[in-house]
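K.L.:
Residue numbers (the numbering used here): 1 to 196. Virtual Cβ for every residue (Gly too), placed ideally from N, Cα, C. If you're wondering where the values come from, they're calculated on a predicted model, not measured in any experiment.
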């Protein structure tokens with residue numbers, strides 16, 4: 001195993017309400033980094049992070065799961081935290097040992113009570129937050145409304161770095177605002193087409 005310097009290691013907590021897609025994001029990260037050969041599915045009870053029988057029975061995370069991937073020469077230690085307020089201790093514990101939090105929001109719901117609770121925990125511990133609007137293909141997703149909610153609740157420090165061209169079932173492209181590039185995916189997903 002490669003030895004990493006401290007500046008090459010990033011520790012990240014995945015937070016968000018139940019059903020926001022933290023475990024599914026975990027599968028995607030592991031797959032894209034080449035750690036697993038295919039993505040597991042919660043409905044098939046074969047995800048890397050929800051492996052306890054109780055999690056498979058309920059269909060959501062009960063315990064935090066730690067995993068790591070190597071990406072661009074960095075080691076990313078990631079903790080997939082349960083979203084239910086019943087297991088808030090797992091999120092708090094993860095935040096105490098991570099550098100930053102990725103707070104997932106459901107595309108069809110936007111800012112929820114759990115979003116606000118998780119954000120309060122990050123503020124108390126002085127952790128930076130990346131908001132990730134997930135499930136952009138949800139038929140009820142309205143990215144502009146979610147962005148307005150985030151700005152209204154959290155102020156001008158909310159800055160979009162990616163912007164979907166369309167949400168709902170037709171979602172297949174986004175603009176990376178920092179790189180000023182368009183990323184488009186075919187119906188089967190896979191590698192994106194990148195345009196300036």
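(1) Just how far apart, CA to CA, sit residue 191 and residue 36?
(2) Report, in whole angstroms, the separation of the C-beta atoms of residue 141 and residue 189, which I expect to be a contact under 8 Å.
(3) Which residue comes first and which comes last in the beta strand (DSSP E) that contains residue 80?
(4) Let me check understanding here. Comparing Cα to Cα, which of 180, 196, 171 and 9 lies closest to residue 186?
(5) Could you tell me which uninterrupted alpha helix (DSSP H) segments, each at least 4 residues in length, are contained entirely in the segment 100–167, listed from first to last along the chain?
(6) Would you call the CB atoms of residue 67 and residue 78 closer than 8 Å?
(7) Which of the three DSSP states, helix, strand or coil, is assigned to residue 192?
(8) What residue range is occupied by the uninterrupted alpha helix (DSSP H) comprising residue 66?
(9) When DSSP labels each residue in this structure, what does residue 202 get in the three-state scheme?
P.N.:
According to the structure data:
(1) 17 Å
(2) Actually they are not in contact, since the Cβ atoms of residue 141 and residue 189 sit about 17 Å apart, beyond 8 Å.
(3) 74–80
(4) 171
(5) 113–124 and 143–154
(6) yes
(7) strand
(8) Here residue 66 belongs to no alpha helix (DSSP H); instead the beta strand (DSSP E) covers 65–71.
(9) The chain is shown only over 1 to 196; residue 202 falls outside these bounds and no answer can be derived.
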